[in-house]
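A.B. asks: Take 4 as the starting number for the sequence shown in the numbering used here and just add one per residue. Take a look at the following structure, please.
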Amino acid sequence: LKELQDYFRKTFSPLEDYTFNGLQVEGKPIIKKMMFSVSLSLDLIDEAISQKCDAIFVHHGFFGKNFVQITGAFKQRLQKLLINDISLFGFHLPLDAHETLGHNAQLAKFAQLKIESPLSCGFVCSNPNCLSSQKITELLNDHLKVDFKVEVTHPTVKSLPPSTIYNFSEQPPKKIFVCSGGSGSFMDNVVKEQCDCFILGEMKENIVHEGKENGIQIIQLGHWRSEQPGVLAVMAEVQNMGIECVYQKVENVV
Numbered sequence: 004l005k006e007l008q009d010y011f012r013k014t015f016s017p018l019e020d021y022t023f024n025g026l027q028v029e030g031k032p033i034i035k036k037m038m039f040s041v042s043l044s045l046d047l048i049d050e051a052i053s054q055k056c057d058a059i060f061v062h063h064g065f066f067g068k069n070f071v072q073i074t075g076a077f078k079q080r081l082q083k084l085l086i087n088d089i090s091l092f093g094f095h096l097p098l099d100a101h102e103t104l105g106h107n108a109q110l111a112k113f114a115q116l117k118i119e120s121p122l123s124c125g126f127v128c129s130n131p132n133c134l135s136s137q138k139i140t141e142l143l144n145d146h147l148k149v150d151f152k153v154e155v156t157h158p159t160v161k162s163l164p165p166s167t168i169y170n171f172s173e174q175p176p177k178k179i180f181v182c183s184g185g186s187g188s189f190m191d192n193v194v195k196e197q198c199d200c201f202i203l204g205e206m207k208e209n210i211v212h213e214g215k216e217n218g219i220q221i222i223q224l225g226h227w228r229s230e231q232p233g234v235l236a237v238m239a240e241v242q243n244m245g246i247e248c249v250y251q252k253v254e255n256v257v
């Protein structure tokens, strides 16, 4: 446990966040088997118990910093972790922003984009291979396989299930902002940086009009789906420490 804490402390820079990043629940001191997933849930905890895991690593753990009311589902999750002596590690924004292991760095790599500069917890990227938004989406789909489909029908929208392209320009994008998860509120930054493509997880209603009016192509991957890559990258690093690791896919259509 201490070795993992030290590794994560050295790996992830502290960022201003509305949640505590790091060891959120302390379990047994020796970790032999660890489960990785995007979000904490009772289903995930039950699976970790069933597979006799000693620790869990997630992107979405317990949110908040001060817990004075432990009730309902929060109580059930915490109770199961404590009774079974399972440690919980949660890393939110530091996992978005990490320059190599983070979701956004991994997405850029999958799409053959070149990271030029950080912006918030994402990256502004160039498109050295002059790939179309459809080709970029196809590359991302190849790496982000899921078992469900989301179909969209609209004249300017192309559905490449489960991704969606809001195709407000026919030209290959040159300057792309990559920001996973619920990053729709960053559209103002995309416009200010003069990006012509925005790759994100979860949409906000207003950015469709803003994208159209500014000629910005939007590639929507899905919140949960866009935040698997960093978890998998960290899992590969932890495996190299001699810990048995398993990835548990608990799908979410959002």
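Every residue gets a Cβ at the ideal spot worked out from N, C-alpha and C, and that includes glycine. As the structure is a computational prediction, the values presented were derived from the model and not from experiment.
For the putative contact between histidine 146 and glycine 184, defined by C-beta atoms under 8 Å, what is the C-beta separation to the nearest angstrom?
C.D. replies: Here residue 146 refers to the residue found at position 143 of the sequence shown. Here residue 184 refers to the residue found at position 181 of the sequence shown. With 8 Å as the limit, histidine 146 and glycine 184 do not qualify as a contact, their Cβ atoms being about 16 Å apart.
A.B. asks: Closest to glycine 60 by C-alpha separation, out of Phe92, Asp199 and Thr103, would be which residue?
C.D. replies: To locate residue 60, count along the sequence shown from 1; it is residue 57. Glycine is not the amino acid found at residue 60; the sequence shown has phenylalanine there. The residue with the shortest Cα to Cα distance from phenylalanine 60 is Phe92.
A.B. asks: Pairing CB atoms from the segment 104-114 with CB atoms from the segment 235-247, are three or more of them under 8 Å?
C.D. replies: A contact exists between the segment 104-114 and the segment 235-247.
A.B. asks: What three-state label does DSSP hand leucine 4 in the structure shown?
C.D. replies: By one-based count along the sequence shown, residue 4 stands at place 1. Three-state result, leucine 4: coil.
A.B. asks: Leaving out the 5 sequence neighbours to the left and right, which residues in its chain are closer than 7 Å to valine 211 when beta-carbon positions are compared?
C.D. replies: Within the sequence shown, numbered from 1, the residue matching residue 211 stands at position 208. Within the same chain, valine 211 has close Cβ partners Tyr169.
A.B. asks: Is methionine 238 helix, strand or coil by DSSP?
C.D. replies: Position 235 of the sequence shown, counting from 1, holds the residue named residue 238. In this structure, methionine 238 counts as helix in the three-state DSSP scheme.
A.B. asks: Kindly provide the ranges of any beta strand (DSSP E) runs that are 3 or more residues long and lie completely inside the segment 14-48, ordered along the chain.
C.D. replies: Within the segment 14-48, the complete beta strand (DSSP E) runs of at least 3 residues are 25-28 and 36-42.
A.B. asks: Identify the residues that DSSP records as bridge partners of valine 249: which are they?
C.D. replies: Taking the sequence shown and counting its residues from 1, the one referred to as residue 249 is at position 246. The partner list for valine 249 (beta bridge, DSSP) reads Met38.
A.B. asks: Would you identify the three-state DSSP class for threonine 103, choosing helix, strand or coil?
C.D. replies: Taking the first residue of the sequence shown as 1, we reach residue 103 at position 100. Residue state, collapsed to three classes: coil.
A.B. asks: Expressed to the nearest angstrom, what Euclidean distance is found between the alpha-carbon atoms of glutamine 27 and glutamine 174?
C.D. replies: Taking the sequence shown and counting its residues from 1, one reaches residue 27 at position 24. Taking the sequence shown and counting its residues from 1, one reaches residue 174 at position 171. Near 46 Å, if we compare the C-alpha coordinates of glutamine 174 and glutamine 27.
A.B. asks: Can you check whether the CB of glutamine 197 is closer than 9 Å to the CB of phenylalanine 39?
C.D. replies: In the sequence shown, the residue the question calls residue 39 occupies position 36. In the sequence shown, the residue the question calls residue 197 occupies position 194. The answer is no: Cβ separation not under 9 Å.
A.B. asks: How many Å lie between lysine 36 and alanine 58 at the Cα?
C.D. replies: Locating residue 36 in the sequence shown gives position 33, counting from the first residue. Locating residue 58 in the sequence shown gives position 55, counting from the first residue. Their Cα atoms are separated by approximately 7 Å.
A.B. asks: So if DSSP puts histidine 63 in a beta bridge, which residue, or which two residues, is it bridged to?
C.D. replies: On the sequence shown, position 60 is the one that residue 63 refers to. Histidine 63 pairs with Ser42.
A.B. asks: Going by Cα to Cα distance, which pick from Pro97, Phe77 and Gly30 is closest to arginine 12?
C.D. replies: Indexing the sequence shown from 1 puts residue 12 at position 9. For the residues Pro97, Phe77 and Gly30, the minimum Cα distance to arginine 12 belongs to Pro97.
A.B. asks: Taking all protein chains shown into account, do 16 or more other C-beta atoms lie within 10 angstroms of the C-beta of alanine 76, making it buried, or fewer, making it exposed?
C.D. replies: For the purposes of this step, residue 76 is taken as the residue at position 73 of the sequence shown. Answer is exposed; the Cβ neighbour count stays below 16.
A.B. asks: Which residues bound the beta strand (DSSP E) around glycine 184?
C.D. replies: What you label residue 184 is simply residue 181 of the sequence shown in a count that begins at 1. First-last for glycine 184: undefined, no H or E at that position.
A.B. asks: Can you tell me the Cα-Cα spacing of isoleucine 34 and serine 42, whole angstroms?
C.D. replies: Numbered from its first residue, the sequence shown carries residue 34 at position 31. Numbered from its first residue, the sequence shown carries residue 42 at position 39. Going from the Cα of isoleucine 34 to the Cα of serine 42 covers about 20 Å.
A.B. asks: Could you pull out every residue in the same chain whose Cβ sits closer than 8 Å to the Cβ of aspartate 49, ignoring the five residues on either side in sequence?
C.D. replies: Taking the sequence shown and counting its residues from 1, the one referred to as residue 49 is at position 46. These residues qualify, in order along the chain: Lys83.
A.B. asks: Going by the beta-carbon positions, is the gap between valine 207 and serine 229 smaller than 9 Å?
C.D. replies: For the purposes of this step, residue 207 is taken as the residue at position 204 of the sequence shown. For the purposes of this step, residue 229 is taken as the residue at position 226 of the sequence shown. Rather than valine, the amino acid found at residue 207 in this sequence is lysine. Against a cut-off of 9 Å, the Cβ pair of serine 229 and lysine 207 comes out as no contact.
A.B. asks: Within a Cβ cutoff of 6 Å, which residues of the same chain sit near cysteine 124, ignoring the five residues on either side of it in sequence?
C.D. replies: Along the sequence shown, read from residue 1 onward, the residue named residue 124 stands at position 121. Excluding sequence neighbours, cysteine 124 sits near Leu96, Asp99 and Ala100.
A.B. asks: Could you give the first and the last residue of the continuous beta strand (DSSP E) run that contains glutamine 220?
C.D. replies: As a working note, residue 220 is residue 217 in the sequence shown. Per DSSP, glutamine 220 belongs to the beta strand (DSSP E) from 220-223.
A.B. asks: Quick one: what does DSSP say alanine 114 is sitting in, helix, strand or coil?
C.D. replies: Against the sequence shown, residue 114 aligns to sequence position 111. The answer is coil: DSSP assigns alanine 114 none of H, G, I, E or B.
A.B. asks: Does the beta-carbon of glutamine 109 have 16 or more other beta-carbons within 10 angstroms, so that it is buried, or is it exposed?
C.D. replies: In the sequence shown, counting from the first residue as 1, residue 109 sits at position 106. The residue in question, glutamine 109, is buried, as its Cβ has 16 or more Cβ neighbours within 10 Å.
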